[in-house]
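Protein chains: 2
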Amino acid sequence: MARASRRLRRERSSEDITDGQYAVLAVLDRRGPSSPSALAEHERVSPPSMTRTVACLASSGLVVRAGDPDDGRRALVDLTDAGRHHLADTRRARSGWLAARLAELEPSQRATLAEAAALLTALAER
Amino acid sequence: MARASRRLRRERSSEDITDGQYAVLAVLDRRGPSSPSALAEHERVSPPSMTRTVACLASSGLVVRAGDPDDGRRALVDLTDAGRHHLADTRRARSGWLAARLAELEPSQRATLAEAAALLTALAER
DNA sequence: GTCAGTCGGTTAGCATCGCTAAGCAACTGA
DNA sequence: TCAGTTGCTTAGCGATGCTAACCGACTGAC
């Protein structure tokens, strides 16, 4: 996994958004506004790490932080329109190399990878 | 993959050897003495990064660097006895959590993960 | 034989990303 | 009302990745 991750990273080196930031944008897109701690738990990262990631996205204008009206401690992070567009652009850019590699595989091999991804996701939640 | 990696890392946080260092020890054990550049290529890492990893292992006495008698530029990295022992210890320590999680899966699911690992290894080599 | 170019490895220095410790403000319950 | 908890952030460290630049050893053309 580590070797594959490093190999993949090489293909994305020219992008202006990091891996962790992209993951957060994707989660916000799929799940809607989320609190920093919910994002941290989902990504299996400590709250301070998520604070930093969110701060970076916010300073780029891709997300906004809003206070929860019911609980002054709580914050809610949400995508901006710029964030949504950026997510779409990044998705397009990232699909290139990996999609080409996946296309070279047998359908059953792609299925194996998909199943393994689900297993790893479940494993990460233990 | 990123989430699973971070989850796994939590289980190893108390160890005295890092992930990359462990990987290098394992490669040396399996393949025998190797040059830094061969190690770097295998791990999909830049030569300077591997230099640092090897230097750290060497200063811990787990590997030794020897010059190639035929080519003065070349270096060969090899395990010391301490390195071999350390590798065995670390292997034992690391197997705990993951082995327990894997034991909870169906045999077919473990097979899926094994196949996926092979596919990812091949993918990393492209 | 020599000297320019290449090659393997390293050093220097930077960015990112993970963490823990500690702080602050908001909430909660005895 | 006030002590404890909770959610988030700030501060600061360590590990890991990179590129640029350097050095000594080799190689090949002359």
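Chains A and B, in that order, are what the protein sequence lines are.
Note that this note's numbering gives residue 972 to position 22 of the first sequence, counting from 1, and the numbers run on in steps of one.
Note that this note's numbering gives residue 1034 to position 84 of the second sequence, counting from 1, and the numbers run on in steps of one.
All residues carry an ideal CB built from backbone N, CA and C; glycine is no exception.
Residues bridged to residue i (per DSSP)
{"i": "Asp1028 (chain B)", "result": "B:Val1014"}
Coarse secondary structure for residue i, derived from DSSP in three states
{"i": "Ser996 (chain A)", "result": "coil"}
{"i": "Ser984 (chain A)", "result": "strand"}
{"i": "Leu1037 (chain A)", "result": "helix"}
{"i": "Asp1020 (chain A)", "result": "coil"}
{"i": "Thr1001 (chain B)", "result": "helix"}
{"i": "Leu1055 (chain B)", "result": "coil"}
{"i": "Thr1062 (chain A)", "result": "helix"}
{"i": "Asp966 (chain B)", "result": "coil"}
{"i": "Glu1075 (chain A)", "result": "coil"}
Proximity test, Cβ basis, 9 Å: residue i and chain B
{"i": "Val995 (chain A)", "result": "yes"}
{"i": "Ala1053 (chain A)", "result": "no"}
{"i": "Arg957 (chain A)", "result": "yes"}
{"i": "Gly1040 (chain A)", "result": "Checking the displayed sequence, the identity of residue 1040 (chain A) turns out to be Thr instead of Gly. Not one chain B Cβ lies under 9 Å of Thr1040 (chain A)."}
{"i": "Leu1037 (chain A)", "result": "no"}
{"i": "Leu989 (chain A)", "result": "no"}
{"i": "Thr1071 (chain A)", "result": "yes"}
{"i": "Ala1074 (chain A)", "result": "yes"}
{"i": "Leu1044 (chain A)", "result": "Looking at the sequence itself, residue 1044 (chain A) is Arg, so the reference to Leu does not match. Not an interface residue."}
Residue-level contact to chain A via CB, residue i, 9 Å cutoff
{"i": "Glu965 (chain B)", "result": "no"}
{"i": "Ala1067 (chain B)", "result": "yes"}
{"i": "Met1000 (chain B)", "result": "no"}
{"i": "Arg962 (chain B)", "result": "no"}
Name, going along the chain, the residues of the region 967 to 982 of chain B whose beta-carbon falls closer than 9 Å to a beta-carbon of chain A.
Asp969, Gly970 and Ala973
The region 1003 to 1017 of chain B: positions lying closer than 9 Å to chain A by Cβ: Under the 9 Å Cβ criterion, the region 1003 to 1017 of chain B contributes no residue.
Query raised in the report: Does the count of Cβ pairs from the region 986 to 1000 of chain B and the region 1013 to 1027 of chain A closer than 8 Å reach three?
Result: no
Three or more beta-carbon pairs under 8 Å between the region 1031 to 1043 of chain A and the region 968 to 980 of chain A, yes or no?
yes
| Inter-stretch contact at 8 Å, needing at least 3 Cβ pairs: the region 1049 to 1069 of chain A / the region 979 to 986 of chain A | no
Requested in this report: Evaluate contact between the region 1040 to 1055 of chain A and the region 961 to 970 of chain A, counting only Cβ atoms and requiring at least three cross-stretch pairs below 8 Å.
Outcome: Short answer: they touch.
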